Structure formats: C-alpha cells, structure tokens
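Novice: If you scroll down you'll find the structure; I have some questions about it.
Numbering (the working numbering), first residue to last: 2 to 433.
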C-alpha cells in the first residue's frame, strides 16, 4: 500500500471537483429551452440532488464492502460477471471520463474566449487538457495537492457568485412559486430531458470510488467523502441556479452554454461578466483535473486483469498509471476535434447512467447473495434509497431514448461493444 496517501479532505475535494464542473455553468440554457418556467427548472435541480444523494449512499456501501480501485469496473465484475464489469470499464475508459473532460474543456475555452476575445476556444480547450494531463503524470501526492487547491478556488467562486446574486438587485422580476401547468411539466418528456442534463451536472458524486486503492482506510474515508461532497454540491447547485434564474430573463439563457457569463453581465455589467467568465474558466480546470486523475485508474484496473491490456496497468515511480493516462488524453483530444457539446453530453450520459444503474442495483443483489459480507457502511434508508435512484435514472434514460434515439442508440452501442470485447480477451485473463 505504498501509495495510500489520500485522506478525507482530498477525497472530498475530488468529489467536489468532479461534481462542480461543466454542468452547473452550462446546462441551464438547455433546460429553459424546454421548461419555460422557473419552478420546474428549480425542481429538476432539487430532484437531481436527490438522485445524486441516493446514488452516493448506495456507492458508499459498495465502496465499504468492496474497497478496491476501478469504480463500476470492479463493482460489476464482482457482483455480476467480469464481462459486465469490462463493459462498464470500457465505457469509463472511452466516454465515462474522456467525454466529461472534453465537455469541461469546451466550456473552459468558451468562457476564456469571452474574457479574452483574441483567444481561440478550441486551442484553449486543447492546451488546458494537455497541461493538466502533464501535471497528473508526476506523482499521486502532486495530483492530490493540486486537486485540493483548485477545488478550494472553485468552491469559493461558486459561493462568491451566490453572495453577489443575493446582494445585487436586478430589474428582472422573478417568482419561484408554481404556476398553472408547472406540475404537468414535471411529468413530461421535456422535464425528463432536463433531468438528463442535470444528472450530468451532478455526475462525479461517485468519484472517490475510483481511487480506493490510494485512500487511507477506504472503507471509512470514501463513504463519508461521497456523502459530504454530495450534500455540499446539492446545496450550492440549487442556490446558484436560483441566482441564475433571478439574474436574467429565461429567454436570455435559451440554448446558450455560457450561462454564468450571462448572469454575471446582468448582475455586474459587461466588464463584470468578463471577469466572472475568466474566474469560471479557472474553476473548470478543477473539474478537468479531477477527472484526469480518477479516470486512468479504471484502465489501470482492467490492465491488471487482462494480459492483452497489461500495458495499461504500468505505473511510474510516483504511482501514476502513465499509459492509461495517455490513452484517456488521446480520446479526449479526438472528442475535442470531432464532436459538438450537446451531442457528446447526451451520448455519454446515457451510457454512464446505465452503468450507475447496474452498480446501484448491485447493492440490492449483494444484500441478497452475500448477506454476511462485511459492510462498515450500510446504505441509509435501504431499500428505499437505491430504489429511488433506480426509478429516477430509468425515468431519465427512457424519456431520453424516446426524444433523442440516435444519441441513446450510440450510447447503447458503446455498452454492447464493451460487453462483446470481453470474450475474445478473456482467454488471456491474468486473475479472476
């Protein structure tokens, strides 16, 4: 356990950094495009927080019962079958981390270009990805220290935005009370699609589960990091979206990505908006960093199990899985060069939600199959907690597949490819 150097503060910082990323500063524009009322928009953020909290409680039990790195890859391999685990690992390696990194980098480029008009957003996106990957190629300790610093900066940014929004009055009248038709909207396809975007914004509540092998006392530390991080982010997300909705008319946000800049311009003027855009771009580095750190640990775990992919398990002296980091960075660069923001988001989120669904279902399966398995942390509110997560995830996935079938099919195809790839590779399996 030479590299078990990560404690509760760093674990919680990893969760916060993964969660407070692209989604909260970019997805509101897609929600108000289909939900023309403040009440259902705010409710979708509350519901997203509930889903994330139920997921975090469920993953906390899995992490305490199965304390090893790899996230869904390791969990699903142990609970169901190695082929199911490999499918989840394949999703994590190809899109689960690479796609959110690409999205955060795209948002970084957009916000930086809004601050400095001479900057090309595409070039800025590429440069930040490569620089962060270079930093994480050093040592595990360097990764952890950098993560704590940039996460503190980002949380301070969000809190500052909230304080400004509460303190600064705008000429825009707003009411968060429900209006006629709002409750009907909350059981509609647009609400489900909005929930998909919000669940993307909350993605990352399970981040600490990917680095269990690097954590001190993981069976205790990781569950509390997941819970503390998720609760903090839920409070911040609901509050900052209330600030966004109060700062500017809904139509100003429709289909726009830089919602933070729009809100800041209404609150602080054009120059204030530019300054806030620059600060948000700095905050997005934290999300890029967190996912760059956690993602390669999945490929590393796969490499330990399959001889044909053994190269991915190699680490340098500082404990960094360098080949896995290089693979992930290459995929991110390809996505940056070839895809649009919304297409990447919907495609990736469908596959990610499917893997999270199977993992949380695994809490119930493990309770049934192995009731005597040591569980230092037991999911609060079981079985209601995992069932709520499963039901709401299924709701979002089903409506998303109905509304955007091509993107959902692409996500399903990625799952199928990952599942089928396991079988030609299993003959050279290193360990069970």
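Idealized CB from N, CA, C, for every residue including glycine. If you're wondering where the values come from, they're calculated on a predicted model, not measured in any experiment.
Quick check on the DSSP output: the alpha helix (DSSP H) that includes residue 252 runs from which residue to which?
Specialist: Element bounds for residue 252: n/a, residue is neither H nor E.
Novice: Use the C-beta contact count for residue 286: other C-beta atoms within 10 angstroms, 16 or more gives buried, fewer gives exposed.
Specialist: With 16 or more Cβ atoms within 10 Å of its Cβ, residue 286 is classed as buried.
Novice: For residue 216, name the three-state secondary structure that DSSP assigns.
Specialist: In this structure, residue 216 counts as strand in the three-state DSSP scheme.
Novice: What are the start and end residues of the alpha helix (DSSP H) that includes residue 32?
Specialist: Unbroken alpha helix (DSSP H) run through residue 32: 29-33.
Novice: When you compare only the Cα positions, how much space is there between residue 38 and residue 377?
Specialist: C-alpha separation (whole angstroms): 44 Å.
Novice: Please report the distance separating the alpha-carbon of residue 304 from that of residue 98.
Specialist: If I take the Cα positions, the gap works out to 17 Å.
Novice: On a Cα-Cα basis, can you pick out the residue from 379, 290, 31, 294 that is closest to residue 221?
Specialist: Cα-wise, what sits closest to residue 221 is 379.
Novice: Indicate the three-state DSSP secondary structure (helix, strand or coil) for residue 175 in the structure shown.
Specialist: Note: residue 175 maps to coil in three-state DSSP.
Novice: Given a cut-off of 8 Å, decide if residue 199 and residue 45 are closer than it, judged by their beta-carbon atoms.
Specialist: Cβ distance < 8 Å, so residue 45 and residue 199 count as in contact.
Novice: Which stretch, first to last residue, makes up the alpha helix (DSSP H) that contains residue 19?
Specialist: Looking at the DSSP string, the run of the alpha helix (DSSP H) that includes residue 19 is 9-20.
Novice: Can you tell me which of the three DSSP states residue 67 falls into?
Specialist: Of the three classes helix, strand and coil, the one that applies to residue 67 here is coil, per DSSP.
Novice: In whole angstroms, give me the CA-to-CA distance for residue 84 and residue 301.
Specialist: Near 17 Å, if we compare the C-alpha coordinates of residue 301 and residue 84.
Novice: Flag this pair as yes or no: are the beta carbons of residue 208 and residue 295 separated by less than 8 Å?
Specialist: For residue 208 and residue 295, yes; Cβs fall inside 8 Å.
Novice: Report the CB separation of residue 237 from residue 21 in whole angstroms; it is logged as a contact under 8 Å.
Specialist: Correct: roughly 7 Å between the Cβ atoms.
Novice: Please report the straight-line C-alpha distance between residue 398 and residue 51, rounded to a whole angstrom.
Specialist: The straight-line gap from Cα to Cα measures roughly 16 Å.
Novice: Would the segment 313-329 count as touching the segment 182-189 if we require 3 or more Cβ pairs under 8 Å?
Specialist: Too few Cβ pairs lie closer than 8 Å, so no.
Novice: Would you report the Cα separation of residue 321 and residue 193, rounded to the nearest angstrom?
Specialist: Cα to Cα, residue 321 sits roughly 39 Å from residue 193.
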